[in-house]
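In what follows, a structure is listed as structure tokens, so that the remarks can point back to it.
Residue numbers (the numbering used here): 111 to 369.
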């Protein structure tokens, strides 16, 4: 059997990815209006799993998210991080408002009830916290990236503590038992190739979305490793800064353990 030339294989993969994005857009526009939240979550889960397969990204999950509603704080390397989590757990994300303008992906993320932050606005964080709390009250988990930006994955950046306030607000009372408090789940993400840390998925600097997708398509199979750390309960912390520090430590230890 003759091997398919590299340029043809790449073009074929691009076609598959573009068709998948277009199909996702059509689903959001024409099918989502007739689905309840459970039906939408299932569509998003299946779409995310298919995207990873088309990009030849093997998702390796270590640990499991709670079956009930939770708050997930993860390190941030790529736009693909969002779909790693959506491939296994329905959730609403907090992200910069610019993603609303991304071709097709922006529409998909808005359909997943993403909370968009206009970071130049003074009240942006307060409004984001309100939206996050509203979604938690509706039984939908929320995910945020406390680094506030993406990194190349070689190390963990400092955390911004602002959005950890949503976990502090979720306390029912100062001495509430853990089962009465929405857990915060520190989550460590990294990308590997042949067992070594790689930077092909990193969405940093002046890289455009199309350039990032092209790099993923042409770089060969990758492994995306997601480590779900031990839950943290806000009633065990006095401030959001203390909770943020504990989450940073947990994620940093997880990344170092498997480096």
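Even for Gly, the Cβ is constructed at its ideal location relative to N, Cα and C. Since the model is a prediction, treat every value here as computed from it, not as a measurement.
Residue nearest to residue 191 in terms of C-alpha spacing, selected from 277, 129, 259: Against the chain shown, residue 191 aligns to sequence position 81. Distance from the Cα of residue 191 is smallest, within the candidate group 277, 129, 259, for 259.
Three CB pairs or more closer than 8 Å across the segment 198-206 and the segment 216-229: Yes, since at least three Cβ pairs between the segment 198-206 and the segment 216-229 fall closer than 8 Å, the two stretches touch.
Neighbour-count burial assignment, residue 318, 16 or more Cβ in a 10 Å radius: Residue numbering aside, residue 318 sits at position 208 when the chain shown is read from its first letter. By the 10 Å Cβ count, residue 318 comes out exposed.
Endpoints, the alpha helix (DSSP H) within which residue 195 is located: Within the chain shown, residue 195 is the residue found at index 85, counting from 1. Following the DSSP letters along the chain, one finds residue 195 inside the alpha helix (DSSP H) bounded by residues 191-196.
Residue 361 versus residue 265 - alpha carbon distance: Locating residue 361 in the chain shown gives position 251, where the first residue counts as 1. Locating residue 265 in the chain shown gives position 155, where the first residue counts as 1. The straight-line gap from Cα to Cα measures roughly 10 Å.
Span separating the alpha-carbon of residue 284 from that of residue 334: As a working mapping, residue 284 is identified with position 174 in the chain shown. As a working mapping, residue 334 is identified with position 224 in the chain shown. Residue confidence is low: residue 284 scores 46 on pLDDT, short of 50, so the model does not pin down where it sits. Its coordinate-derived value is still stated next. So the alpha carbons of these two residues sit roughly 38 Å apart.
Contact under 8 Å by Cβ, residue 140 with residue 150: What you label residue 140 is simply residue 30 of the chain shown in a count that begins at 1. What you label residue 150 is simply residue 40 of the chain shown in a count that begins at 1. For residue 140 and residue 150, no; Cβs fall outside 8 Å.
Limits of the unbroken alpha helix (DSSP H) element including residue 238: To locate residue 238, count along the chain shown from 1; it is residue 128. Residue 238 -> alpha helix (DSSP H) spans 234-247.
Residues near residue 194 in its chain [Cβ-Cβ closer than 7 Å; skip 5 each side]: The count along the chain shown starts at 1 and reaches residue 194 at position 84. Cβ neighbours of residue 194 beyond the five flanking positions: 169, 299, 334, 336.
Assigned exposure category for residue 245 - 16 Cβ within 10 Å defines buried: Along the chain shown, one-based indexing puts residue 245 at 135. Flag for residue 245 reads buried.
Endpoints, the beta strand (DSSP E) within which residue 225 is located: Here residue 225 refers to the residue found at position 115 of the chain shown. Start and end: 225-227.
Close-in-space but distant-in-sequence residues of the same chain around residue 364 (CB under 7 Å, 5 per side omitted): In the chain shown, counting from the first residue as 1, residue 364 sits at position 254. Its chain contains 298, 337, 339 as the residues whose beta carbon lies nearer than 7 Å to that of residue 364, once the 5 sequence neighbours on both sides are disregarded; these appear in chain order.
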